[in-house]
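Top line first, the protein sequences correspond to chains A and B. For the first sequence, the positions run 4 to 116 when our numbering is used. For the second sequence, the positions run 77 to 188 when our numbering is used. So the structure is just underneath, and the comments pick up after that.
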Amino acid sequence: AQSVTQPDIHITVSEGASLELRCNYSYGATPYLFWYVQSPGQGLQLLLKYFSGDTLVQGIKGFEAEFKRSQSSFNLRKPSVHWSDAAEYFCAVGERGNEKLTFGTGTRLTIIP
Amino acid sequence: DGGITQSPKYLFRKEGQNVTLSCEQNLNHDAMYWYRQDPGQGLRLIYYSQIVNDFQKGDIAEGYSVSREKKESFPLTVTSAQKNPTAFYLCASRGAWRGEQYFGPGTRLTVT
């Protein structure tokens, strides 16, 4: 069965500093991988996705993620965070032919001035 | 504008009452999903539907029911059998060939 681990429950970063949110997955074949962001009381917004090809994918709001098959990881990065990036971030994994996604438990990001 | 709508935003019910949450999409997506979100637990799948008049149980279907009579609509009923119904409920849809799901704004249900 698929599983997704986001080892960091809460991360605090200074505004302007770089960010890396970790995501590890357990899956046998090449998965579909996603990062979503959720502001308090809102739905989830898709930041970026990986299906195949180039392992470094660019997303919206200046985010990027790198798929590393050898480490079963899909970490999310941003070179310089803004106060508006404060939110909860979810990693998700899917597979070809499977209608379902498996979500991690999320990482809450706090930005300090 | 294309998207997913959920109504109402906030819903309050007394224990023992059934309640139905609305989810509508105009993205022409085939698949639709219902998730429950509790603090610290991420998203848990309740039910999903790949096509009209067909749906499957997710991981936590007990105490919930759904219908899919139209492609655009996938309402969720929280029945009195659901032991702990207070939660944030999210609806999502997925296009026919892409893997990503698109989410509605959610409904916060409080049962007292």
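Quick reminder that beta carbons are idealized off the backbone N, C-alpha and C, glycines included. Keep in mind that this is a model prediction, so the values were computed, not measured.
Name the chain B residues that come within less than 9 angstroms of residue i, Cβ to Cβ?
i: Gly-100 (chain A); result: Those do not exist, as Gly-100 (chain A) stays about 10 angstroms from chain B at its closest Cβ, beyond 9 angstroms.
i: Thr-93 (chain A); result: Note that residue 93 (chain A) corresponds to Phe in the displayed sequence, not to Thr. The contacting residues are Gly-118, Leu-119.
Nearest by alpha-carbon distance to residue i: which of the options is it?
i: Leu-51 (chain A); options: A:Pro-43, A:Lys-64, A:Gly-44; result: A:Lys-64
i: Met-108 (chain B); options: B:Ile-127, B:Gln-82, B:Pro-181, B:Asn-94; result: B:Ile-127
i: Gly-19 (chain A); options: A:Arg-111, A:Ser-6, A:Ala-95, A:Ala-89; result: A:Ala-89
i: Gly-62 (chain A); options: A:Gly-46, A:Leu-36, A:Ser-75; result: A:Leu-36
i: Asn-94 (chain B); options: B:Gly-180, B:Phe-131, B:Lys-159, B:Gly-116; result: B:Lys-159
i: Gly-56 (chain A); options: A:Leu-49, A:Phe-70, A:Gln-48, A:Leu-47; result: A:Phe-70
i: Asn-104 (chain B); options: B:Ala-168, B:Thr-183, B:Pro-181; result: B:Ala-168
i: Tyr-111 (chain B); options: B:Ile-136, B:Glu-145, B:Gln-101, B:Lys-146; result: B:Ile-136
i: Ser-42 (chain A); options: A:Ile-12, A:Phe-66, A:Tyr-92; result: A:Tyr-92
i: Trp-38 (chain A); options: A:Phe-106, A:Val-16, A:His-13; result: A:Phe-106
Show which residues of chain A have a CB atom less than 7 angstroms away from the CB atom of residue i.
i: Glu-176 (chain B); result: Phe-37, Leu-49, Lys-52
i: Ala-107 (chain B); result: Glu-102
Please list, in chain order, the chain A residues whose beta carbon lies closer than 8 angstroms to that of residue i.
i: Gly-171 (chain B); result: Within 8 angstroms Cβ-Cβ: nothing; Gly-171 (chain B) doesn't reach chain A, min ~12 angstroms.
i: Gln-126 (chain B); result: Glu-102
Do we get a CB-CB distance below 7 angstroms when we pair residue i with the residues of chain B?
i: Gln-45 (chain A); result: yes
i: Phe-77 (chain A); result: no
i: Gly-19 (chain A); result: no
Using 7 angstroms as the limit for Cβ to Cβ distance, is residue i near chain A?
i: Gly-180 (chain B); result: yes
i: Leu-166 (chain B); result: yes
In chain order, what residues of the same chain lie with their CB nearer than 6 angstroms to the CB of residue i, ignoring the 5 residues before and after it?
i: Thr-186 (chain B); result: Phe-88, Thr-162
i: Phe-77 (chain A); result: Cys-26, Leu-36, Ala-68, Phe-70
i: Ser-141 (chain B); result: Thr-153
i: Gln-177 (chain B); result: Ala-168, Arg-170
i: Gly-97 (chain A); result: Tyr-35, Leu-104
i: Ser-21 (chain A); result: Pro-82
Run through chain B and tell me which residues come within less than 7 angstroms of residue i, C-beta to C-beta.
i: Gly-109 (chain A); result: Gly-118
i: Phe-106 (chain A); result: Gly-118, Leu-119
Please go through the same chain and pick out, in chain order, the residues whose beta-carbon is closer than 7 angstroms to the beta-carbon of residue i, but skip the five residues on each side of it.
i: Gly-182 (chain B); result: Gln-82, Phe-164, Tyr-165, Leu-166
i: Ser-29 (chain A); result: Gln-5, Ser-6, Ser-75
Any beta-carbon of chain E closer than 7 angstroms to the one on residue i?
i: Tyr-28 (chain A); result: Note that chain E does not occur in the displayed structure, where the protein chains are A and B.
Checklist entry - What residues from the segment 109-133 of chain B come within 7 angstroms of chain A, judged by C-beta to C-beta, listed N to C? => result Gly-116, Gln-117, Gly-118, Leu-119, Leu-121, Tyr-124, Gln-126
Checklist entry - Can you list, in chain order, the residues of the segment 52-68 of chain A whose Cβ is nearer than 7 angstroms to any Cβ on chain B? => result Lys-52, Phe-54
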